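Undergrad:
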Amino acid sequence: MDPNKRRNFIAGESMIKKDIKRYAKFFKGYTELRLQENRTGRISLLNGNLVSNEENSSCGFSSRAYSNGYWGFSAVPSSAPAEIKRVIGEAVSNAAYLSGQVGKRPGTLPGENPCSFEDFSTKKPRKSRKELVDFIREVDTHIAKKYRTLKSRHIVLNSLNVEKQFLNSDGASFCSFLPRTTIAIYLSVETKKGSADFVETWGGRGQFEDVFADPSDLFEKLGQQHSHLMKKAEGVYPAAGIKECVLAPELAGVLAHEAIGHTTEADLVLGGSVAGNLMNKRVASPLITLVDYANSFMGQTCQTPIYVDDEGTKAEDVVIIDKGVLKSYMHNKESARHYKVKPTGNARAFAFSDEPLIRMRNTAIVPGGSKLEEMISSVKDGYYMMRRGNGQADLTSEFMFAVTLGYEIRNGKLGRAIKDSSVSGMAYDVLKTVSMVSDNMYWRTFGFCGKSQPMLLSMGGPALKCCINVGGR
Amino acid sequence: MTEKKMLSLCLKLLKQNGAEQAQCVLTKTMKNQMKAQAGQLSLLRSVADTELRLLAIKDGRQGQVSINTTGKRDVEAAVIRVIEAAKASPQDKAYGISEFQPTQVFLRGDTKADLRGMCRRLSEFLQDSRKYKGLRFFEAALGFTLEEKTFLNSNGVNLSSSIGTYDFVVEFSTGVRARASSINFSELWFKDLSRPLMECGSTALLFKQSGKSVLTTPVKDKFSGEILVSPECLGSFLGFLTGDALRDAKIIAGTSPYMNKIGSMVASAGFTLGSMPGAPEMAAGYFITGDGYKAENVPLVEAGRLKTFILSRYGAKKTGLRRTPNSGGCYIVGPGLEKLGSMVKAIKRGLLVTRFSGGAPNQKGDFSGVAKNSFYIENGKIKFPVSETMISGNIPAMFLGIKSISKERVNLGNAVYPWISFSGVSVSGK
């Protein structure tokens, strides 16, 4: 067996070639069947020590059935026909168990039968494990030689390939192979003037061969990262309180995702999100249009393209805010039935053993007409927030995200770097303060969104000028 | 074929393919879970999974592979890949596997989900919740997980465990007309279903606080004050020590603020912290460490003094320090001397913080973020629920400056924590 070729441990062949339609005969009522493999790889060098060198495969079948208003779900790490039949039967009987214990509830789910086949696997020869380790070691050697005053350096190569095959009792089906590869580099320094750490992450959709070519391609970016790090070590704590800020495109993306996106997921709306009372009302500046794109943006394939979701619904773009007015929530079949609208194709599951939940895909604020330079020059006393760490949202639309790189703006000019901070606010209030939107666009697909399950997705946006609460001293 | 026989064959295959040291761990899980959404039972799930984790060391080089199927062809392919991964690795003398220990089998908890009991407890919980006016659930889920683990290595280590645990999570807020409180959650583990869910942890208290948090007010100014952190929220701050600054990566890199602090004061003298996976109150406890040793209870901080880092075998070899005889987790903070009510009365100006939404602290422990589901305290009285209020400070300094620790503690099933009052924290509103 060629260990470098992408192969499925279950059957020794790509799952995309596996025919699951023959199991449809075991369906009873509305039933879904999904075969999925998530394959991850991780190579991690800490100060030159290989502290992680592993790959993992998690694959199996799951089935979900809907009966009398209840869901039943079952999953096994196996592709044996007898097990698949058993899993479908268990999903059906789990739904029936709840119905028997609690009582029947009326209603059927909306259905359609789209089909798709999307394969984003590389067509290039796969690199060996040794080539990947050597790539990372070459980057590490460059950092160690060029930036000798660093306290620590940590390089992490992460890959995730998600391969799915799906079928439901409405006849909807899809096959997909969606890969993502990233390299994160953590640098830290301690000088007489102060200490700092700063991480940059590069990469996106695609297997390693389609995302990274040569270690030297990262060297210029590393130079910029090191320069920011040294300025941050001499940086100052930002002043706490409401400030006029320019949020770089990376931060606008997380604002779109965390602050607005989550509040407009229909299951969270049903759970009490503030967006439940805001449909067709002005919730943002007229400069703001916010969309959850299904699979393409301005003719380009998105970082997390979804064509048919994990309930078998054709994935459509959802215009959440149109010129400042709230226009739509994101739906699965059940919430669409509740709100009497069409499902939007936002039902997604992370692992074979997860049931689909309402999740975002590629959520972004649409670019405007201002130039970043004129936005910065228009701020008298504020901050330019450039990079973000983790973020969290709330049903009230109160959000927070960490800021890992930023600079003071004084009289329209960038000043000193600031130390790690965070920004927060009520999203629907903050978006009303947006006075300028830049004409550029940045997409990010690093990390995972957490909502019972992790999820691969991307977020994007232009730079925004707004008023926001800064966590400082 | 039994698990042990299968793992013995894996070890044999790894050796045949050139591994000088090898380790195989098989973990089988069976999870049953009932979920309620928007206050109604909605889903019953049954999920089986397996993880076979292989580690090989060849010529001082190490690789790891995990798969979740155990067919002959799958295992053979995984063995080839793990040897390939090891060959790609640089040499490191710190790589290695656990030394011989006597064979042991550990058993705890139920071996099968009590579905009828789960349905009864969850329905009862949904019913009990109705007395909290306006309370809304995003999700409530009650689950049972049976985890069977077998650990074998080429040094003759043969450890196995079977653990049955119930877990419960509820995410909620309170809504009154167009207004809603911030979302909050309670996550608990327990060994059986003997108690109503509402009586576990401090879920009922959190529901009451949620009901009082619908109409919030931002703190109007900026001040340095005290924060009284609830047991459910303590992990947000303690996690900087237990999940980061005392762990392998920061100690190997030399970037932890606790470097060279073993034996030194890292918290006030009233603070005691242990990692106790074998404690009887720890429903989420474990018996086998990730690197193949029988897990033991470990004091981490005693009377404010740091006793040990949380180092794996690799971290210990790399730094020349002692291996910690567990994998961390299952933290128990000792009780203090004050009653919770007295702690509130002693606060001149500050916040009761029951959830924190913040950025990951930097390597020095500086943090900032939003005080969620929190209340403003002035002159010893809880005044009003806050929103849009941020707190910032330095975590190592906070623990050194602990003002008081409550006598009362809450058992979350994976931790036992008191309320702790920290001074010198920056609080800022709009």
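Which chain is which? The protein sequence lines are A and B, in order.
All you need for my numbering is the position in the first sequence, starting with 1, plus 11.
All you need for my numbering is the position in the second sequence, starting with 1, plus 6.
Beta carbons are placed, not taken as given, at the ideal position from N, Cα and C, and that holds for glycine.
Here the structure is a predicted model, which is why all the values come from computation and not from measurement.
#1: Please name the residue in B:Ala186, B:Ala91 and B:Val220 whose C-alpha comes closest to that of alanine 286 (chain A).
#2: Would you tell me roughly how many angstroms separate the C-alpha atoms of serine 86 (chain B) and aspartate 297 (chain B), rounded to the nearest one?
#3: What are the residues in the stretch 172-191 of chain B lying within 9 angstroms of chain A by C-beta distance?
#4: Counting only the same chain and skipping the five closest in sequence on each side, list residues whose C-beta sits under 7 angstroms from that of proline 473 (chain A).
#5: Report all residues from its chain with a CB closer than 7 angstroms to the CB of lysine 242 (chain A); omit the five preceding and five following residues, and keep chain order.
#6: Listed from N- to C-terminal order along the chain, which residues in the stretch 225-256 of chain A have their beta-carbon within a distance smaller than 7 angstroms of any beta-carbon of chain B?
#7: Who are the Cβ neighbours of glycine 435 (chain B) in its own chain at under 7 angstroms, not counting the five residues just before and after it?
#8: Find the nearest neighbour of glycine 252 (chain A) within the set B:Ile397, B:Asp55 and B:Met36, judged by alpha-carbon distance.
#9: If I measure Cβ to Cβ from valine 220 (chain B) and keep anything under 6 angstroms in the same chain, skipping five residues before and after, which residues do I get?
#10: Along the stretch 259-288 of chain A, where does the CB come closer than 8 angstroms to a CB of chain B? Name the residues.
#11: To which residues does DSSP link alanine 375 (chain A) through a beta bridge?
#12: Output, in sequence order along the chain, the residues in the stretch 84-96 of chain A whose CB is closer than 7 angstroms to any CB in chain B.
#13: What does histidine 268 (chain A) pair with, by DSSP beta-bridge criteria?
#14: Tell me the rounded alpha-carbon separation between serine 73 (chain A) and valine 98 (chain A).
#15: The alpha helix (DSSP H) spanning tyrosine 350 (chain A) covers which residue range?
#16: Which residue comes first and which comes last in the beta strand (DSSP E) that contains alanine 146 (chain B)?
#17: What's the gap between the Cα of glutamate 24 (chain A) and the Cα of leucine 266 (chain A)?
#18: Express the C-alpha separation of leucine 57 (chain A) and glycine 69 (chain B) in angstroms, rounding to a whole number.
#19: Going along chain A in order, which residues have a C-beta closer than 8 angstroms to the C-beta of asparagine 74 (chain B)?
#20: Roughly how many whole angstroms lie between the Cα atoms of isoleucine 147 (chain A) and lysine 64 (chain B)?
#21: Which value, in whole angstroms, describes the spacing of the CA atoms of lysine 16 (chain A) and lysine 135 (chain A)?
#22: Taking isoleucine 258 (chain B) as the query, report the chain A residues whose CB atoms sit under 8 angstroms from its CB, ordered along the chain.
#23: Could you please give me the residues that DSSP links to tyrosine 423 (chain B) through a beta bridge?
#24: For leucine 109 (chain A) and chain B, any beta-carbon pair shorter than 8 angstroms?
#25: Can you pull the chain B residues whose beta carbon is under 7 angstroms from the beta carbon of arginine 140 (chain A), in chain order?
#26: List, in chain order, every chain B residue whose beta-carbon is nearer than 8 angstroms to that of alanine 76 (chain A).
#27: What distance in whole Å lies between the Cβ atoms of isoleucine 268 (chain B) and threonine 314 (chain B), which are believed to be in contact at a cut-off of 8 angstroms?
#28: Out of A:Lys175, A:Gln112, A:Lys353 and A:Arg53, which one is the CA nearest neighbour of aspartate 365 (chain A)?
#29: Going by beta carbon distance, what residues of the same chain come within less than 6 angstroms of lysine 324 (chain B), once the five residues before and after it are set aside?
#30: Could you tell me if methionine 411 (chain A) is buried or exposed, where buried requires 16 or more neighbouring beta carbons within 10 angstroms of its beta carbon?
#31: Under 7 angstroms Cβ-Cβ, which residues of chain B neighbour methionine 437 (chain A)?
#32: Determine, using beta carbons only, whether alanine 44 (chain B) comes closer than 8 angstroms to chain A.
#33: Going by other Cβ atoms of all chains shown within 10 Å of its Cβ, with 16 needed for buried, is asparagine 47 (chain A) buried or exposed?
#34: Please check if any C-beta of chain B sits within less than 8 angstroms of the C-beta of leucine 544 (chain A).
#35: Does glutamine 311 (chain A) have its Cβ less than 8 angstroms from a Cβ in chain B?
#36: Please state the DSSP three-state secondary structure of leucine 327 (chain B).
TA: So, from the data block:
#1: B:Ala186
#2: The amino acid at residue 86 (chain B) is misidentified as serine; the sequence shows isoleucine. Taking the straight line joining both Cα atoms gives about 22 angstroms.
#3: Val175, Glu177, Phe178, Ser179, Thr180, Gly181, Arg183, Ala184, Arg185, Ala186, Ser187, Ser188 and Ile189
#4: Pro260, Ala263, Ile376, Pro378, Gly379, Val448, Ser449, Asp450, Asn451 and Met452
#5: Ala428
#6: Ala251, Gly252 and Ile253
#7: Pro224, Val225, Lys226, Asp227, Glu394 and Thr395
#8: B:Ile397
#9: Thr180, Val182, Arg185 and Ser187
#10: Asp278, Leu279, Leu281, Gly282, Gly283, Ser284, Val285 and Asn288
#11: A:Val302 and A:Gly471
#12: Phe84, Ser85, Ala86, Val87, Pro88 and Ser89
#13: DSSP output for histidine 268 (chain A) lists no bridge partner at all.
#14: 7 angstroms
#15: 344-350
#16: 141-159
#17: Any reading at glutamate 24 (chain A) is ruled out, since the residue's pLDDT is 42, under 50, leaving its predicted position unreliable.
#18: 16 angstroms
#19: Ser68, Ser69, Cys70, Gly71 and Pro88
#20: 21 angstroms
#21: In this predicted model, lysine 16 (chain A) has a pLDDT of only 37, less than 50, meaning its place in the structure is not dependable; the value taken from the coordinates is given anyway. Approximately 11 angstroms between the Cα atoms of the pair.
#22: Leu57, Asn58, Asn60 and Val62
#23: B:Val416
#24: yes
#25: Glu90, Ala91 and Ala94
#26: Going along chain B, no residue has its Cβ under 8 angstroms from alanine 76 (chain A), so there is no contact; the nearest lies around 10 angstroms.
#27: 7 angstroms
#28: A:Lys175
#29: Ala100 and Ile258
#30: buried
#31: Glu394
#32: yes
#33: Residue identity differs from the one stated: residue 47 (chain A) is glutamine in this sequence, not asparagine. Per the 10 Å Cβ criterion, buried.
#34: What the structure shows of chain A is the stretch from 12 to 484, and residue 544 (chain A) is not part of that stretch, so it cannot be assessed.
#35: no
#36: coil
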